[in-house]
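Asks: The structure's right below; bear with me while I get my questions together.
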Amino acid sequence: MTNEHSLLNSDYMADQTWVGMAWSNIGPTVTLALTCLLALQSAGSAAFAAMTAGLLPTLALHYWGVRRPRSIPVLVAFLAGVWVDVLAHGPLGFWALTYVATALTVDALTPILPRGLLGHTASLVLTLALVACLLWGMSSVYNWQLLPITPIGTAAVWALALYAMTALVCAAMSAMVRLWTGRRVPRKRWISP
Amino acid sequence: MSAYAHGYKTRRGLLRPISALATIFLSLALLGLSRADHASLHPLRTVVHAWSAPLVERVAKAIDPVRRPFANLATALSTADEVESLRAENHRLRGLTVRLDELERDNRDLGRLLRVASVPSLEAVATRVMSVSPGLVSQAIVIGIGRTRGIAVGDPVMSNDAVIGRVVQVNDTSASVVRLVDARSRVPVLIGAGQARAVLTGDGKDQPRLDFLAPMANLVDGDTVITSGVGGLFPRGLAIGRVAKVEGVWRVDLPDAPESLRVVAVLRSTTNIPPDLDHAAVRAQSTGAHSERQVAAGQVSGRSLSGPVP
Numbered sequence: 001m002t003n004e005h006s007l008l009n010s011d012y013m014a015d016q017t018w019v020g021m022a023w024s025n026i027g028p029t030v031t032l033a034l035t036c037l038l039a040l041q042s043a044g045s046a047a048f049a050a051m052t053a054g055l056l057p058t059l060a061l062h063y064w065g066v067r068r069p070r071s072i073p074v075l076v077a078f079l080a081g082v083w084v085d086v087l088a089h090g091p092l093g094f095w096a097l098t099y100v101a102t103a104l105t106v107d108a109l110t111p112i113l114p115r116g117l118l119g120h121t122a123s124l125v126l127t128l129a130l131v132a133c134l135l136w137g138m139s140s141v142y143n144w145q146l147l148p149i150t151p152i153g154t155a156a157v158w159a160l161a162l163y164a165m166t167a168l169v170c171a172a173m174s175a176m177v178r179l180w181t182g183r184r185v186p187r188k189r190w191i192s193p
Numbered sequence: 194m195s196a197y198a199h200g201y202k203t204r205r206g207l208l209r210p211i212s213a214l215a216t217i218f219l220s221l222a223l224l225g226l227s228r229a230d231h232a233s234l235h236p237l238r239t240v241v242h243a244w245s246a247p248l249v250e251r252v253a254k255a256i257d258p259v260r261r262p263f264a265n266l267a268t269a270l271s272t273a274d275e276v277e278s279l280r281a282e283n284h285r286l287r288g289l290t291v292r293l294d295e296l297e298r299d300n301r302d303l304g305r306l307l308r309v310a311s312v313p314s315l316e317a318v319a320t321r322v323m324s325v326s327p328g329l330v331s332q333a334i335v336i337g338i339g340r341t342r343g344i345a346v347g348d349p350v351m352s353n354d355a356v357i358g359r360v361v362q363v364n365d366t367s368a369s370v371v372r373l374v375d376a377r378s379r380v381p382v383l384i385g386a387g388q389a390r391a392v393l394t395g396d397g398k399d400q401p402r403l404d405f406l407a408p409m410a411n412l413v414d415g416d417t418v419i420t421s422g423v424g425g426l427f428p429r430g431l432a433i434g435r436v437a438k439v440e441g442v443w444r445v446d447l448p449d450a451p452e453s454l455r456v457v458a459v460l461r462s463t464t465n466i467p468p469d470l471d472h473a474a475v476r477a478q479s480t481g482a483h484s485e486r487q488v489a490a491g492q493v494s495g496r497s498l499s500g501p502v503p
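Taken in order, these protein sequences are the chains called A and B. If you're matching positions, the first sequence starts at 1 in this note's numbering and goes up one per residue. If you're matching positions, the second sequence starts at 194 in this note's numbering and goes up one per residue.
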């Protein structure tokens, strides 16, 4: 079954132009970097907001992982995590491992789950559940005591609610690139110069 | 060809699993080294911090107009109760001010008579919180001033007139602060009128626990907790919070709700202040209200703690 004519796949049409090709290569990474910066901006917010903000990059990883499998290399996910770890002055490797695990989970789930809204939702719920368990396990082992899972669970639920917003931002960025691409570099000319 | 098949078939098959294994191994190795607080990680942190701090600060400023309405709403909801308690506290503090002046004078005279070594003066510098650590493991914040403003490793950081943590890493224009609730934090404290000694230990929860408390210590819920000055980490007498017994364990209620961590004050030693710093401008602000721009630029000195620390 193909989904070449679906709305999601319209990004591939934009790939025919140089801007579109550039976007398809670096767009996912750019949005991941943006969410990493936003992940650190919870100053002045409630406690659970900090943890929810930390999950924003996982949403970007899921979004692109489902729509364009493997468009974000694992190494990039790792580096993004290390970047967040350093800027947050947390233990190095904490968010790095979380983001790598997210990328690999989405990789594993995408081929086996049905496509469409139901499949994407199931994939997101499973990914966030696994990430929450991983965060809780890592935090407990690192602190050498059983930490409450409620804050992480709450953050995961909030992240689920925030997914629509993240997806909208990513889709809007893609749409803007497509619009711009269409005006500046005609697709026809790129295909047969 | 489907989008998924396209994604899977056009990439090199083995690269992904190999890089996955390598990054998982690297992450675990980094976690282990961080747990051991290995010195080899410090240069990495410093370099990445120095490179990224301006970017993070710009993003913080850019999204501030979006963030502020939410923060203001939360503040407005709790304002009525706060105004009442502040009014009562203000009344009590006015009474204490006169008494404090007397005691300060006596203290100075007695110190002179006993020839007590003078304690370094401290001065508060207000700054914006640039980023907050997302997670249970680390409870750190990054602030927007650093070495160029006279900040040094170990400087206490205050919010709501209470200590919230201390500086653990300093770059030129930013610094990392580990909060008291962080699992890495250990602070010697004195509790209540009996001045019972203990060590305030962060464990990732909102209320850090009191360790090494003497069995005979007579504590009551609500007793004030202050820094003891032992070990030289903090000056003696800085307020921390109030004692509370939670599930049979003595813990400390901190006034630093995460919602209030937008602007903090660093107590820097006056001996660390760079000579080229414009003191006149800084002092001029200490008596009046200061703008957000000045706070963001780290140009504002809050209440001055110059003089002997109590």
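Heads up, the beta-carbon is just placed ideally off N, CA and C, and yes, glycines get one too. Every value quoted in this text rests on a predicted model; they were computed, and no experiment measured them.
1. Ala389(B) by DSSP, collapsed to three states: which one?
2. Can you tell me whether Ile211(B) is buried or exposed, with buried defined as 16 or more other CB within 10 angstroms of its CB?
3. Mind checking who Asp404(B) pairs with in its DSSP beta bridge?
4. Taking just the CA atoms, how far does Asp399(B) sit from Val445(B)?
5. What whole-angstrom Cβ distance do Arg335(B) and Ser367(B) have, given they're in contact under 8 Å?
6. Can you give me the Cβ contacts of Thr480(B) inside the same chain, cut-off strictly under 6 Å, excluding the 5 residues immediately before and after it?
7. Can the beta-carbon of Thr154(A) be found less than 9 Å from the beta-carbon of Met51(A)?
8. Do the CB positions of Gly397(B) and Val374(B) come within less than 9 Å of each other?
9. Going along the region 389–401 of chain B in order, which residues come within less than 9 Å of chain A, judged by CB to CB distance?
10. In whole angstroms, what is the alpha-carbon distance linking Val507(B) and Lys254(B)?
11. What's the C-alpha gap between Arg238(B) and Leu296(B)?
12. From this set, Ile433(B), Gly304(B), Ala410(B) and Ala437(B), which residue's C-alpha is nearest Ile419(B)'s C-alpha?
13. Mark Leu134(B) as exposed unless 16 or more other C-beta atoms lie within 10 angstroms of its C-beta, in which case mark it buried.
14. Give me the residue from Leu293(B), Gly385(B) and Pro401(B) with the minimum Cα distance to Asn411(B).
15. Start and end of the alpha helix (DSSP H) containing Val84(A)?
16. Are Ala210(A) and Ala53(A) close, meaning C-beta to C-beta below 9 Å?
17. Between the Cα of Thr121(A) and the Cα atoms of Leu147(A), Ala161(A), His89(A) and Thr150(A), which residue gives the shortest distance?
18. Looking at C-beta atoms only, is the number of pairs between the region 59–70 of chain A and the region 92–110 of chain A that lie closer than 8 Å three or more?
19. State the Cα-Cα distance for the pair Val457(B) and Pro114(A), rounded to the nearest angstrom.
20. By the criterion of Cβ-Cβ separation under 7 Å, what are the contact partners of Val459(B) in chain A?
21. Which residue or residues does DSSP assign as beta-bridge partners of Leu383(B)?
22. Under 9 Å between C-beta atoms, does Met138(A) make it to chain B?
23. Pull up the distance between the alpha-carbon of Val177(A) and that of Leu55(A), whole angstroms please.
24. If you draw a straight line from the C-alpha of Glu275(B) to the C-alpha of Asn283(B), how long is it?
25. Kindly list, in the order they appear in chain B, the residues whose Cβ is closer than 8 Å to that of Ala88(A).
26. Quick check on this structure: which residue in Ile149(A), Cys170(A) and Val86(A) has the alpha carbon closest to the alpha carbon of Leu223(B)?
27. Can the beta-carbon of Leu315(B) be found closer than 9 Å to that of Ser462(B)?
28. For Leu234(B), return the contacting residues in chain A, with the cut-off set at a CB-CB distance below 7 Å.
29. Is the separation between the beta-carbon of Val436(B) and that of Val413(B) shorter than 9 Å?
30. Check the Cβ of Ser227(B) against every Cβ in chain A and list those closer than 7 Å, keeping chain order.
31. Under a CB-based cut-off of 9 Å, is Pro114(A) close to chain B?
32. Would a check of beta-carbon distances place Cys170(A) closer than 9 Å to chain B?
33. Measuring CB atoms only, is the region 240–258 of chain B touching the region 92–99 of chain A, in the sense that at least three cross pairs come out at less than 8 Å?
34. Sort Thr394(B), Arg390(B), Gly415(B) and Arg280(B) by Cα distance to Met409(B) and report the nearest one.
35. Would you mind reading off the limits of the beta strand (DSSP E) that contains Gly358(B)?
Replies: Short version:
1. strand
2. exposed
3. Val392(B)
4. 9 Å
5. In the sequence as presented, Arg is not what sits at residue 335(B); that position holds Val. Val335(B) to Ser367(B), Cβ: 6 Å. Contact.
6. Per-residue confidence for Thr480(B) stands at a pLDDT of 37, beneath the threshold of 50, marking its modelled position as unreliable; no derived number is given.
7. yes
8. yes
9. Asp396, Gly397, Lys398 and Asp399
10. Outside the modelled stretch of chain B, which goes from 194 to 503, sits residue 507(B), for which no answer is possible.
11. 45 Å
12. Ile433(B)
13. This structure gives no information on residue 134(B), because the portion of chain B shown stretches from 194 to 503.
14. Gly385(B)
15. Val74 to Leu87
16. What the structure shows of chain A is the stretch from 1 to 193, and residue 210(A) is not part of that stretch, so it cannot be assessed.
17. Ala161(A)
18. yes
19. 50 Å
20. The contacting residues do not exist; Val459(B) stays about 15 Å from chain A at best.
21. Arg390(B) and Ile419(B)
22. yes
23. 26 Å
24. 12 Å
25. Ser324, Val325, Ser326, Pro327, Gly328, Ser331, Ala333 and Val335
26. Val86(A)
27. yes
28. Leu92
29. yes
30. Pro91, Leu92 and Gly93
31. no
32. no
33. no
34. Arg390(B)
35. Ala355 to Val363
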